[in-house]
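In the numbering used here, the protein residues as written are 18 to 158. Report on the following structure.
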């Protein structure tokens, strides 16, 4: 029993990264980005924190709808990014999905606005989203 108690004391000291999702939403004219209402400022991929009891896929669909007003169709899990410095607020691990959508994106929830951009006219990006999009564009023919 002493080992169990000792293990609990040790585990209370551990901190874990927070799981998040981001979505590269592909539309006919480009990809959807959101301008953040909250720090860190800048444009970003739609995404956010995974709620307890929620799958990554469900979180991606929920965040996309909340921030862009678009119902997305997930295509694939693109990549996971885990650099401890990727988010200046805390250590997060994001799983990035690709998806498609139709309609006109509009900012909602913690997105001040949503718009479509091409690889050639990307705005200043928050977090590591510039690196994510660079990886994405390099991986596509």
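Just so it is clear, CB atoms sit at the ideal spot from N, CA and C, and this is done for glycine as well.
Let me check understanding here. Comparing Cα to Cα, which of 34, 42, 37 and 36 lies closest to residue 117?
By one-based count along the chain shown, residue 117 stands at place 100. The shortest Cα separation from residue 117 among 34, 42, 37 and 36 belongs to 42.
With 16 as the cutoff for other CB atoms within 10 Å, does residue 57 come out buried or exposed?
In the chain shown, counting from the first residue as 1, residue 57 sits at position 40. Exposed is the call here.
Please say whether residue 95 and residue 115 have beta carbons closer to each other than 7 Å?
For the purposes of this step, residue 115 is taken as residue 98 along the chain shown, with counting starting at 1. For the purposes of this step, residue 95 is taken as residue 78 along the chain shown, with counting starting at 1. In contact: residue 115 and residue 95 (Cβ atoms closer than 7 Å).
Determine whether the beta carbon atoms of residue 34 and residue 149 lie at a separation below 7 Å.
Reading the chain shown from its first residue, position 17 is the one you call residue 34. Reading the chain shown from its first residue, position 132 is the one you call residue 149. No; because the gap between Cβ atoms is not below 7 Å, this pair is not in contact.
Round the Cβ separation of residue 143 and residue 59 to the nearest angstrom and send it over; I've been treating them as touching at under 8 Å.
Position 126 of the chain shown holds residue 143. Position 42 of the chain shown holds residue 59. Yes, they are in contact, since the Cβ atoms of residue 143 and residue 59 sit about 4 Å apart, within 8 Å.
Three-state secondary structure (DSSP) at residue 66?
Here residue 66 refers to the residue found at position 49 when the chain shown is read from its first residue. In this structure, residue 66 counts as strand in the three-state DSSP scheme.
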